[in-house]
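This report refers to the structure that appears directly beneath it.
There are 2 protein chains.
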Amino acid sequence: MTLDRAQHDKLANAIRALAMDGVEQAKSGHPGLPMGAADVATVLFTRILKYDAAEPHWPDRDRFVLSAGHGSMLLYALLYLTGVPGMELADLKKFRQIDSKTPGHPENFMTLGVETTTGPLGQGLATSVGMAIAERMLAAEFGKKTVDHHTYVLASDGDLMEGISQEAIALAGHQKLNKLIVFWDDNGISIDGPLTISDSVDQVARFKACGWRSEHVDGHDPDAIEAAIRRAQKSSKPTMIACKTVIGFGAPKKAGTSKAHGEPLGAEELAAAKKALGITGGAFEIAADVLKTWRNFGAAGAGARKEWLARYETLSERKRAEFERRLAHKVPAKLDKAIVAHKKALIAAPQNVATRKASELALEVIVPLMPELVIGSADLTPSNNTRTSHAEDFTPKTPKGRYVRYGIREHGMAAAMNGILLHGGFRPAGGTFLVFADYARPSMRLAALMGLPVVYVMTHDSIGLGEDGPTHQPVEQIASLRAMPKMRVFRPADTIETAEAWQLALERTDGPTVLALSRQNLPQLRTDGTATNRSAKGGYELLPAEGGKAQVSLFASGSELELAVAARKLLAEKGMRARVVSVPSLELLLQQDEATQAAVIGDAPVKIAIEAGVRFGWDAVIGHDGGFVGMHSFGASGPYKEVYKHFGITPEAVVAEAVKRHNA
Amino acid sequence: MTLDRAQHDKLANAIRALAMDGVEQAKSGHPGLPMGAADVATVLFTRILKYDAAEPHWPDRDRFVLSAGHGSMLLYALLYLTGVPGMELADLKKFRQIDSKTPGHPENFMTLGVETTTGPLGQGLATSVGMAIAERMLAAEFGKKTVDHHTYVLASDGDLMEGISQEAIALAGHQKLNKLIVFWDDNGISIDGPLTISDSVDQVARFKACGWRSEHVDGHDPDAIEAAIRRAQKSSKPTMIACKTVIGFGAPKKAGTSKAHGEPLGAEELAAAKKALGITGGAFEIAADVLKTWRNFGAAGAGARKEWLARYETLSERKRAEFERRLAHKVPAKLDKAIVAHKKALIAAPQNVATRKASELALEVIVPLMPELVIGSADLTPSNNTRTSHAEDFTPKTPKGRYVRYGIREHGMAAAMNGILLHGGFRPAGGTFLVFADYARPSMRLAALMGLPVVYVMTHDSIGLGEDGPTHQPVEQIASLRAMPKMRVFRPADTIETAEAWQLALERTDGPTVLALSRQNLPQLRTDGTATNRSAKGGYELLPAEGGKAQVSLFASGSELELAVAARKLLAEKGMRARVVSVPSLELLLQQDEATQAAVIGDAPVKIAIEAGVRFGWDAVIGHDGGFVGMHSFGASGPYKEVYKHFGITPEAVVAEAVKRHNA
């Protein structure tokens with residue numbers, strides 16, 4: 001069923017009406033984008049998109065990502081109009097209210113039918129690249145009969161101005177992700193005014209330069225929009241369709257201006273807009289015939305879904321079980337046993353290697369068990385040790401490959417990882433230097449907010465990277481990541497803790513994990529604890545005080561744990577009793593109940609933390625009067641052992657701190 | 001004097017030899033880029049660049065930015081060869097050693113002649129955009145006779161793959177910064193291997209789409225390189241010259257491969273390379289005639305510099321004094337008086353406004369006094385309140401304008417601000433939402449590392465922004481910025497503290513400042529303290545306990561200070577004595593001597609911190625057992641007062657915490 005123009009307009013105007021009303025009721029929000037992009041969205045949802053509103057989780061649905069998340073009322077209106085379960089008019093009336101299904105920006109954890117949280121500009125676009133990667137990978141594994149869908153994105157000027165957009169489109173173009181189709185809402189307006197005051201990029205030419213198909217279209221001409229999409233579907237490249245639109249389309253005074261962007265139209269302008277658009281009825285009133293037509297479109301995909309189900313049933317039982325395990329992000333039952341065996345082997349034959357190497361050793365065990373692992377690196381493969389002996393590159397010609405060459409695009413990588421995970425079927429892990437977590441931070445924050453269990457393999461984790469100097473030496477990154485809600489940071493000290501951290505990261509289902517790994521070799525300090533995962537509470541006593549109650553507690557993470565062990569020995573020679581507490585995850589320790597924390601932290605009168613990073617955050621363990629041996633500034637270029645000495649991070653410095661405090 | 005090809009080769013090979021030797025001696029580093037780009041650099045430094053090696057700070061020098069900072073030996077070799085004071089062969093031999101002038105990546109604070117710290121990819125390119133902006137602004141103010149120079153950049157594949165490059169080139173293209181000329185070292189190699197495994201962008205087309213001139217050139221053909229630069233100098237647009245080069249040029253086995261990128265060539269390959277290039281002599285030996293020729297080029301600009309000085313002397317004394325004040329980044333003497341007067345006026349007529357508005361009020365006073373202030377916003381002007389009544393936009397037609405429309409490019413803005421400051425003559429301040437500090441973080445880190453006194457005006461600083469929801473509500477950003485060395489964060493509580501924060505930010509010369517400002521209105525709480533800047537120590541007692549020794553200390557920053565004041569009153573009604581400590585800058589407080597800290601923190605048995613952010617870092621004040629009323633998760637979308645209630649950040653919650661701890 002293709003609508004004639006008048007019918008189309010009625011449907012598109014229903015979106016416009018709800019967007020205007022929702023924003024007006026909330027007394028805040030963005031009416032301009034939904035009004036401007038309503039025609040594009042209506043064409044997509046009535047002529048193109050493969051979906052069944054009753055089953056928003058159908059695995060083979062087309063994905064629609066509203067990268068311009070501020071236009072959330074567009075999405076909420078579509079969910080209501082097409083009939084997604086649980087999205088009622090009452091919900092639209094609670095737009096931007098606490099605990100509503102209609103928050104200011106789309107949140108996938110609040111609202112059924114929202115594919116990904118968007119709002120920070122550029123993120124939706126970059127996330128969609130990951131979705132398209134996952135679609136291709138999953139199709140290669142399970143066949144086109146089971147996996148064959150498109151990813152559509154609506155992006156704004158802001159999405160394309162953010163730097164992450166470049167990383168995303170370059171990656172998509174390189175991978176020839178031809179099932180990715182992006183609509184650019186080319187309305188020429190930003191918050192400061194006409195876009196011409198800050199931008200003059202020829203976006204169509206830019207996308208072409210990045211390996212995309214790209215063309216202009218009138219964003220208010222349904223047939224032209226449809227034709228452009230049909231052309232895009234036939235391309236061997238991803239497509240960007242620049243849709244020329246009028247922001248706030250229909251508002252007599254504010255349309256085409258920044259006044260339509262981010263505030264309610266006001267009662268008068270709203271009424272005038274509805275009149276101009278031929279919309280009758282009061283606020284939130286949708287004519288019965290319009291709603292019925294919309295609902296018919298929302299249900300139209302049910303047939304396709306049932307056909308898909310029939311095809312799916314023809315898969316072998318084993319294949320279906322695997323497909324369902326993968327979509328549920330359940331780790332294989334064998335994982336725990338394999339990790340325990342790996343730890344036992346390490347205890348039997350200790351390896352004094354860098355934890356980045358320890359990570360590789362763990363992955364050599366894990367990767368064969370977990371075909372869902374999609375690992376990659378932002379052009380630091382030989383440094384991150386992310387590519388195991390089993391790896392095959394993911395390329396247009398080898399879509400079954402699970403190793404992604406993300407290029408020097410940390411931000412794009414992190415966003416793509418979000419998309420790979422959100423799509424379903426895969427567990428992504430990506431590598432870079434820890435210091436470049438800063439480049440990826442906005443996407444890492446979205447992973448934390450959405451609770452996505454992705455894994456960041458961040459090597460060269462302190463001044464221990466040595467010669468590259470302060471631009472490459474993280475000193476505050478660990479603290480800054482610990483501060484982020486739901487982000488978990490492990491800084492393992494040896495091969496055993498590294499294996500435990502990988503296990504915890506993969507078994508986690510409610511958020512992302514950073515593995516902060518050393519460049520330099522470290523001694524294997526753990527000699528037991530293979531059956532249980534001792535890192536699971538964030539910290540544990542590695543070595544007790546000997547000969548009496550502890551006078552000193554030494555807390556350390558990662559590469560500094562060996563300094564704590566050495567300091568304990570030196571203190572013993574001075575007749576002082578010290579215990580050593582390994583803290584692979586400070587924030588995880590601080591999330592334990594008070595009794596557990598108290599047991600791990602202990603009550604030794606002198607408390608000292610040792611970490612080649614800033615003190616910030618450690619006071620929760622050592623207190624204001626505790627000692628800290630670590631960094632108080634940025635790092636310096638030099639061979640790493642000299643850098644450690646230069647900044648006074650040595651067993652002797654720990655001893656001096658302990659003695660000073662003991663005698664105070 | 002233009003060199004013939006043989007002479008050119010000798011000079012270029014001197015760079016190659018030193019780069020090979022330096023990396024070999026250090027046993028780490030990147031020989032490939034200096035060897036590949038030596039011809040481009042030699043053409044630039046012998047035929048084009050306006051510089052006097054003896055006076056690297058000459059204000060009207062051309063700037064050369066090595067965005068590909070890993071190729072630092074290229075720069076160190078040039079500094080030595082051209083004769084920059086203090087760069088000796090002995091320094092080159094200490095490449096990548098502690099405290100040397102030749103750290104792993106160029107650090108402008110370690111080495112005379114280095115324009116900016118580079119290494120994190122994309123930063124040099126984006127910083128250079130700011131330099132070109134500053135050049136144009138300063139020329140518009142002081143005249144072309146005093147300011148008329150180019151900015152040249154050598155960028156690598158990685159620089160162009162990082163997203164920040166898009167923000168930078170879009171901004172440069174839009175502003176038609178035609179004195180910005182970028183060489184792309186198009187060597188087709190990255191760490192993972194051939195660039196083709198991760199990239200297929202047509203960079204020349206991409207730059208053209210962004211408003212640049214752009215062309216290909218043989219990067220080993222000196223005359224072709226020179227001709228391309230001459231064409232670029234005549235353009236009305238910035239120019240990107242794609243220089244096709246061979247990485248590790250001259251190394252018989254490793255040239256053109258990723259093995260030449262980031263590790264020493266090894267003795268054998270090094271010897272073979274020298275032989276192939278016709279380089280004689282041992283390690284670090286430069287033939288006397290070659291060095292002499294290089295030194296002649298290094299001194300060749302002395303005449304131009306003296307002519308410039310003669311022209312400069314013709315400026316009025318007042319103009320010269322201003323020029324020198326501006327280059328020295330000295331604030332005008334009047335600033336302190338003006339701020340005190342502003343505070344007095346506020347005390348006389350209190351204003352209960354959002355601190356973003358308070359910032360605007362302060363700027364209305366400051367801007368007329370400081371023509372060096374270059375303010376802007378990443379497309380949030382009406383939200384950031386950054387544009388004062390005096391502002392004129394900086395555009396190609398109005399180069400005297402001081403207000404920059406950075407577009408939706410937080411990262412590019414922060415990097416450009418670094419460049420504006422590094423160029424000299426200006427103090428940049430840029431606005432965005434605090435949550436988007438994450439997007440700008442790598443450039444903010446460089447500002448901190450370099451100690452650049454730029455100012456970030458970051459509004460909408462907590463869940464107080466309300467309806468936009470968790471993607472836009474910073475909860476961990478304040479903590480993550482406090483953790484960064486040399487970064488100073490102020491979260492002022494009212495109009496007075498906002499004025500004080502602005503004063504401290506502008507008077508600071510050794511690092512950047514974040515002003516975290518509220519969207520919502522706040523009461524003016526300060527009723528005194530106009531003569532001294534009470535925020536200068538990071539924290540101070542706003543209200544003492546009444547009627548005896550304090551039983552409770554309430555610490556708060558920004559918008560939560562009013563909650564502390566309200567809680568103190570409620571506690572008094574319960575017969576409990578509480579004092580209120582305002583902490584506009586937690587990390588600044590923690591940098592004070594122990595006596596000052598002890599006085600501010602006090603010894604009340606119950607300590608409670610109140611901040612609409614995460615607890616991380618506050619334990620240094622309140623201890624493990626202290627109370628915290630703030631955020632323990634991401635935020636939520638809703639009207640801000642309801643969001644505060646939802647998360648239990650209320651005076652009543654503070655009272656409950658205090659009573660619970662008092663009775664414990």
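Residue numbers (UniProt numbering), protein chains in the order written: chain A, 1 to 664; chain B, 1 to 664.
Here a beta-carbon is modelled for each residue, glycine too, at the ideal position from N, C-alpha and C.
- Pairwise C-beta distances place the stretch 185 to 204 of chain A in contact with the stretch 146 to 160 of chain A, as three or more of them are shorter than 8 Å.
- Not flagged as an interface residue toward chain B: Pro106 (chain A), since no C-beta distance is shorter than 7 Å.
- Straight-line spacing of the CA atoms in Val129 (chain A) and His149 (chain A) works out to 13 Å.
- If you draw a straight line from the Cα of Pro584 (chain A) to the Cα of Leu554 (chain A), it is about 13 Å long.
- Nearest in C-alpha terms to Gly266 (chain B), of all of B:Gly412, B:Leu315 and B:Lys27, is B:Lys27.
- Pairwise C-beta distances place the stretch 566 to 584 of chain A out of contact with the stretch 7 to 24 of chain B, as fewer than three of them are shorter than 8 Å.
- With its beta carbon at least 7 Å from every one in chain B, Tyr403 (chain A) lies outside the interface.
- By the neighbour-count criterion, in which a residue is buried when 16 or more other Cβ atoms sit within 10 angstroms of its Cβ, Asp603 (chain A) is exposed.
- Any Cβ of chain B closer than 7 Å to the Cβ of His261 (chain A) would place that residue at the interface, and such an atom is absent.
- In this structure, DSSP gives Asn178 (chain B) a state outside helix and strand, which the three-state scheme calls coil.
- The continuous alpha helix (DSSP H) containing Pro34 (chain B) extends over residues Gly32 to Val43.
- Collapsing the DSSP output to three states places Ala224 (chain A) in a helix.
- Among the residues of the stretch 459 to 479 of chain B, those with a Cβ less than 7 Å away from any Cβ of chain A are Glu467, Asp468, Gly469, Pro470, Thr471, His472, Val475, Glu476 and Ala479, in the order of the chain.
- Of all residues in the stretch 231 to 247 of chain B, none is placed with a Cβ closer than 8 Å to any Cβ belonging to chain A.
- Distances from the CA of Val475 (chain A) to each of A:Lys537, A:Ala545, A:Ala341 and A:Ala516 were compared; the closest alpha carbon is that of A:Ala516.
- Cβ atoms of Val65 (chain B) and Gly124 (chain B) come within 8 Å of each other, at about 5 Å.
- Residue contact check for Ser443 (chain B) against chain A: no CB pair falls below 7 Å.
- Going by DSSP, Arg63 (chain A) is part of the beta strand (DSSP E) stretching over Arg63 to Leu66.
- Beta-bridge pairing by DSSP links Cys243 (chain B) to B:Asp185 and B:Val217.
- Phe297 (chain B) sits buried, since 16 or more C-beta atoms from the chains shown fall within 10 Å of its C-beta.
- Between the stretch 230 to 244 of chain B and the stretch 229 to 247 of chain A, the count of C-beta pairs closer than 8 Å stays below three; the two stretches do not touch.
- With respect to chain B, the C-beta atom of His216 (chain A) has no partner C-beta closer than 7 Å.
- Check the Cα spacing between His57 (chain B) and each of B:Tyr80, B:Asp289 and B:Val84: the tightest is with B:Val84.
- Bridge pairing for Phe555 (chain B): B:Val581 and B:Ala609 [DSSP].
- Going by C-alpha positions, Leu506 (chain A) is about 40 Å away from Leu380 (chain B).
- When secondary structure is reduced to three states using DSSP, Asn521 (chain A) falls in the strand class.
- When rounded, the separation of the alpha-carbon atoms in Pro396 (chain B) and Lys176 (chain B) is 6 Å.
- Distances from the CA of His472 (chain B) to each of A:Pro106, A:Cys210, A:Arg206 and A:Glu657 were compared; the closest alpha carbon is that of A:Pro106.
- For Met87 (chain B), the three-state secondary structure derived from DSSP is coil.
- Against chain A, the beta carbon of Phe616 (chain B) has neighbours under 7 Å at Arg482, Ala483 and Gly617, listed in chain order.
- Contact between Ala224 (chain B) and Val217 (chain B) holds, with the beta-carbon distance rounding to 5 Å and staying under 8 Å.
- A distance below 7 Å separates the beta carbons of Pro470 (chain B) and Leu449 (chain A).
- When secondary structure is reduced to three states using DSSP, Met458 (chain A) falls in the strand class.
- By the CB criterion at 7 Å, Phe616 (chain A) and Ala483 (chain B) fall inside the cutoff.
- Taking the C-beta atoms as reference points, Pro453 (chain B) is found no nearer than 7 Å to Arg534 (chain B).
- Burial is judged here by how many other beta carbons sit within 10 angstroms of a residue's own beta carbon; Asn178 (chain A) has at least 16 and is buried.
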